[in-house]
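For reference, the structure discussed in these notes is given below.
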Amino acid sequence: YMTLSHRWGENHDAQMELTLENMASLQQGVETTSLSSTYRDAITTTRRLGVGFLWIDSLCIIQNEKRDWQLQSAAMGMIYRNSFLNISSAVDALDCGMFVVRDPSRVEVFPVRNSEFQHSNTPSLALMPWDLWSRNVNLALLNKRGWVLQERILSPRVLHFTEE
343 YMTLSHRWGE
353 NHDAQMELTL
363 ENMASLQQGV
373 ETTSLSSTYR
383 DAITTTRRLG
393 VGFLWIDSLC
403 IIQNEKRDWQ
413 LQSAAMGMIY
423 RNSFLNISSA
433 VDALDCGMFV
443 VRDPSRVEVF
453 PVRNSEFQHS
463 NTPSLALMPW
473 DLWSRNVNLA
483 LLNKRGWVLQ
493 ERILSPRVLH
503 FTEE
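In the numbering used here, the protein residues as written are 343 to 506.
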């Protein structure tokens, strides 16, 4: 399974979340069109990487049930540590999704000669200026959430989606 780090929107009520009242209906299935763009993009990423499950806090923790929230929050370390990969949605605009249009001139791709890439179809490496990483990852609004530090540190891998 993979996990998702994301910002909850200001209009918290409009976001789909698991509650005692809707648990039975959500267990029957959810139309992807009813999910936020961020959730849909995270699901697409999970599927394209060949992973079967995606753990999203607002859909996996009963939000209006104190006992479940306490149990799940106590298990967060284990959840992130045992995941295949954490998707970090560090796009500052809420619910524009993670697959935003980016300026390709900001990334340089060049060929790499390395024995590890001998059998690869794409023996190249993409580099970007340090200021892009700092501004888009380290200084992203997402990283102002206390939980995100734990999610970044404990996850074995993090795939960052940013505005640039």
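Glycine is no exception: its CB is placed at the ideal position from the N, C-alpha and C atoms. Since the structure is predicted, the reported quantities are computational estimates derived from the model, not experimental observations.
Kindly confirm or deny that the stretch 402-413 and the stretch 423-439 touch, where touching means at least three C-beta pairs closer than 8 angstroms.
no
Report yes or no: do three or more beta-carbon pairs, one from the stretch 396-411 and one from the stretch 431-445, lie closer than 8 angstroms?
no
Could you check if D383 is buried or exposed, using at least 16 other CB atoms within 10 Å of its CB as the buried criterion?
buried
With I429 as the anchor, note down where its beta strand (DSSP E) starts and where it stops.
427-431
In this structure, does DSSP put T361 in helix, strand or coil?
coil
Judging by CA-CA distance, which residue of R494, I495, N478, R487 is the nearest neighbour of E505?
N478
Label I398 either buried or exposed according to how many other C-beta atoms from any shown protein chain fall within 10 Å of its C-beta, with 16 as the threshold for buried.
buried
Residues in the same chain with beta-carbon distance under 7 angstroms from H502, minus the five sequence neighbours each way, listed in chain order, please.
S430, A432, V479
Rounded to whole angstroms, what's the CA-CA distance from S367 to E359? Just pull it up for me.
12 angstroms
Just how far apart, CA to CA, sit V443 and L481?
Answer to the nearest angstrom: the Cα atoms are 20 angstroms apart.
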